[in-house]
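Participant: First residue of the sequence shown: 43, per my numbering; consecutive thereafter.
Backbone N, C-alpha and C fix where the C-beta goes; we use that ideal spot for every residue, glycine too.
Quick one: the structure is below, questions incoming.
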Amino acid sequence: MENTFNFEQTRPYNDSEVPEAIRSILHDNFFPLVVNYLQPNANMEVIKEQLSAIKTVNEFQETVMHKAIRSVVEKTSEGVTFEGFQHIDNKKRHIFIANHRDIVLDAAILDILLSENNIDPCQITFGSNLMKGNLVINIGKLNKMFRIVRGGNIRDFYKNSLEVSAYMRHVIKDEDESVWIAQRNGRTKDGNDKTELGVLKMFALSSDKKFVDNLDELSITPISISYEYEPCDFLKTAELYISRLQKYIKGENEDLNSILTGIKQYKGKIHLAVSEPITREELMQCDLKEKNDKYTELGRIIDERIRKYHKVYKTNYIAWDILNHSNQYQNHYSEKEKSDFIEYMKNGLTKLEIEADYSELEQIFLRLYANGVIE
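Put into structure tokens, the structure is as follows:
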């Protein structure tokens, strides 16, 4: 299939655009606030000198983003564990398809772990709904984030999907880089990680090759990230509650609030696992089915991989037992840990600024955690 896109509105920055982007960041009114959060005692003039010296995207990732994400992890978690990086062949490129729990950290944590395991970093999808404000846009595009357009009518949706598909294939085949994309449009709000078939169909749009050859050259590799304390758990609970009653409409700065909440909130333990890539043989098994069923079967395999490597924490077991009025998993936590979690839940839910039935909020919150338990 001939590529008719120039990707100027999609791609991240290239090296020639770095100095101007850095200047824009340094003059942004929100920049000192970000620095103060990440490094409260930092000398702002020294920070500005260090940033001004950066000339390439790779330098920005290594000297700014890596340190920033490590700082966030150290401040707000008990650390990150990981597994499965032996499944990544650094001589070939992959589409990393991942469950999505936090707007920024899911992919950012993967990137720092890739670097620390001597594997090339990947490009990252960046929803157009998040591209608000020059600071966010500049930092995102300097961090190899590329745009996916959200919304629009059916014709626009198809055109935008075709462009993203073409761009991802271009990155893998021509730019020799891997790509991270979420398994669904938006974060999982209820703890039930499930791949949207539209995402998988979008992968195939940019090639005329048959199903197996088309997808095999993308080396689809599932990734699972697990947080002991779900990022934005109370915000997600409120959204799900309101969505039951009416169409949910995001506030003007809601995405930015979710980004900041996800970064600042305590996360407990974090685990990231890279699964085995989808094999050609597995794609051939999917290809035995009817057209739509091919993608359903592929989605099932990806979901199984993500669930297989998902880490189950004490918070998940506690929520499951409370929700089901059971003691089935009591060996996985202490009574104090259970009472602490209940107190954490009550404090967070009572602070939500919505009129709601508390017992229903509690059920939604508990399901968010309980769905992490695989029976």
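What does the alpha-carbon distance come out to for the pair VAL77 and LYS201?
Facilitator: Along the sequence shown, read from residue 1 onward, the residue named residue 77 stands at position 35. Along the sequence shown, read from residue 1 onward, the residue named residue 201 stands at position 159. Answer to the nearest angstrom: the Cα atoms are 38 Å apart.
Participant: For the alpha helix (DSSP H) that contains GLU402, what are its first and last residues?
Facilitator: Start at 1 with the first residue of the sequence shown, and residue 402 comes out as number 360. Start and end: 400-412.
Participant: Do THR52 and PHE188 count as a contact pair if the criterion is CB distance below 9 Å?
Facilitator: Taking the first residue of the sequence shown as position 1, residue 188 is located at position 146. Taking the first residue of the sequence shown as position 1, residue 52 is located at position 10. Closer than 9 Å, so yes.
Participant: From the DSSP output, read off the bridge partner residues of HIS313.
Facilitator: Against the sequence shown, residue 313 aligns to sequence position 271. Its beta-bridge partners are THR123 and SER268.
Participant: How long is the line joining the alpha carbons of ALA208 and GLY293, rounded to whole angstroms?
Facilitator: For the purposes of this step, residue 208 is identified with residue 166 of the sequence shown, where counting begins at 1. For the purposes of this step, residue 293 is identified with residue 251 of the sequence shown, where counting begins at 1. Spanning the two alpha carbons is a distance of roughly 32 Å.
Participant: For the 8 Å Cβ check, are there 3 or more pairs between the segment 261-268 and the segment 131-147?
Facilitator: Yes: the two stretches touch, three or more of their Cβ pairs being nearer than 8 Å.
Participant: Compare the beta carbon distance of TRP362 and VAL415 with 9 Å and say whether it is the shorter of the two.
Facilitator: Counting from 1 along the sequence shown, the entry for residue 362 is found at position 320. Counting from 1 along the sequence shown, the entry for residue 415 is found at position 373. In contact: TRP362 and VAL415 (Cβ atoms closer than 9 Å).
Participant: Output the boundary residues of the alpha helix (DSSP H) element that contains PHE73.
Facilitator: The residue labelled residue 73 in the question sits at position 31 within the sequence shown. Looking at the DSSP string, the run of the alpha helix (DSSP H) that includes PHE73 is 73-80.
Participant: Figure out for me which residue from GLU59, ASN358, ASP335 and THR321 has the closest Cα to the Cα of ARG347.
Facilitator: The sequence position of residue 347 within the sequence shown is 305, counting from 1. Among GLU59, ASN358, ASP335 and THR321, the Cα nearest to that of ARG347 belongs to THR321.
Participant: What are the partner residues of MET187, as DSSP defines its beta bridges?
Facilitator: Position 145 of the sequence shown holds residue 187. For MET187, which the question treats as bridged, DSSP gives the partners ILE166.
Participant: Closest to ALA412 by CA distance: which of LEU391, LEU68, THR357 and SER261 is it?
Facilitator: Stepping through the sequence shown from its first residue, residue 412 is reached at position 370. With distances taken between Cα atoms, ALA412 lies closest to THR357.
Participant: On the DSSP bridge assignment, give the partners of ILE262 in chain order.
Facilitator: Within the sequence shown, numbered from 1, the residue matching residue 262 stands at position 220. According to DSSP, which records beta bridges pairwise, ILE262 is partnered with ILE137.
Participant: Are three or more beta carbon pairs between the segment 174-186 and the segment 58-68 nearer than 8 Å?
Facilitator: Yes: the two stretches touch, three or more of their Cβ pairs being nearer than 8 Å.
Participant: Kindly confirm or deny that the segment 207-224 and the segment 241-259 touch, where touching means at least three C-beta pairs closer than 8 Å.
Facilitator: In short, these stretches touch, since the Cβ pair count reaches three.
Participant: Quick check on ASN171 - is its C-beta less than 9 Å from some C-beta in chain C?
Facilitator: The displayed structure is made up of one protein chain only, and chain C is not part of it.
Participant: Which same chain residues, not among the five before or five after HIS313, have their C-beta less than 6 Å away from its C-beta?
Facilitator: On the sequence shown, position 271 is the one that residue 313 refers to. So the list reads THR123, SER268 and LYS353, once near-sequence residues are dropped.
Participant: Between the segment 221-237 and the segment 145-154, do three or more beta carbon pairs fall short of 8 Å?
Facilitator: Yes, the segment 221-237 is in contact with the segment 145-154.
Participant: Counting Cβ pairs, one atom from each stretch, are 3 or more of them under 8 Å apart for the segment 285-300 and the segment 319-338?
Facilitator: No, the segment 285-300 is not in contact with the segment 319-338.
Participant: Let me know the secondary structure DSSP gives VAL241 once reduced to three states.
Facilitator: By one-based count along the sequence shown, residue 241 stands at place 199. Three-state result, VAL241: helix.
Participant: Can you tell me the Cα-Cα spacing of ASP218 and LYS134, whole angstroms?
Facilitator: Position 176 of the sequence shown, counting from 1, holds the residue named residue 218. Position 92 of the sequence shown, counting from 1, holds the residue named residue 134. Cα to Cα, the separation comes out at about 8 Å.
Participant: Determine the burial state of ARG229: buried for a count of at least 16 other Cβ atoms within 10 Å of its Cβ, exposed for fewer.
Facilitator: Within the sequence shown, numbered from 1, the residue matching residue 229 stands at position 187. Buried, by the Cβ-count rule.
Participant: Quick check: the segment 334-341 against the segment 154-170, are at least 3 beta-carbon pairs closer than 8 Å?
Facilitator: In short, these stretches do not touch, since the Cβ pair count stays below three.
Participant: Since THR303 and LEU277 are thought to touch, with beta carbons under 8 Å apart, how far apart are those beta carbons, to the nearest angstrom?
Facilitator: For this step, residue 303 is matched to residue 261 along the sequence shown. For this step, residue 277 is matched to residue 235 along the sequence shown. Yes, THR303 and LEU277 are in contact; Cβ-Cβ is about 6 Å, under 8 Å.
Participant: Could you check which residue in LYS380, VAL115 and PHE407 has the C-alpha nearest to that of TYR311?
Facilitator: Working through the sequence shown from its first residue, we reach residue 311 at position 269. Going by the sequence as given, residue 311 is Lys instead of Tyr. Answer by Cα proximity: VAL115.
Participant: For VAL221, which beta-bridge partners are listed by DSSP?
Facilitator: In the sequence shown, counting from the first residue as 1, residue 221 sits at position 179. Looking at the DSSP assignment, VAL221 forms a beta bridge with ILE137 and GLN165.
Participant: I'd like the span of the alpha helix (DSSP H) that includes ILE214, first residue to last.
Facilitator: Reading the sequence shown from its first residue, position 172 is the one you call residue 214. Start and end: 196-215.
Participant: So, under 8 Å CB-CB, ASN132 and ILE161 are touching, yes? Tell me the CB distance rounded to an integer number of Å.
Facilitator: On the sequence shown, residue 132 is found 90 positions in, with the first residue counted as 1. On the sequence shown, residue 161 is found 119 positions in, with the first residue counted as 1. That pair is a contact at about 5 Å.
Participant: Could you check what DSSP says for SER376 in three-state terms: helix, strand or coil?
Facilitator: As a first step, residue 376 must be located in the sequence shown, where it is residue number 334. Looking at SER376 - three-state DSSP - the assignment turns out to be coil, as it is neither helix nor strand.
Participant: For PHE127, which residues of its own chain have a beta-carbon under 6 Å away from its beta-carbon, when the five flanking residues on both sides are left out?
Facilitator: As a first step, residue 127 must be located in the sequence shown, where it is residue number 85. These residues qualify, in order along the chain: ASN159 and VAL316.
Participant: Using the C-alpha atoms, what's the distance from MET107 back to ASP258?
Facilitator: Mapped onto the sequence shown, residue 258 falls at position 216. Mapped onto the sequence shown, residue 107 falls at position 65. Near 32 Å, if we compare the C-alpha coordinates of MET107 and ASP258.
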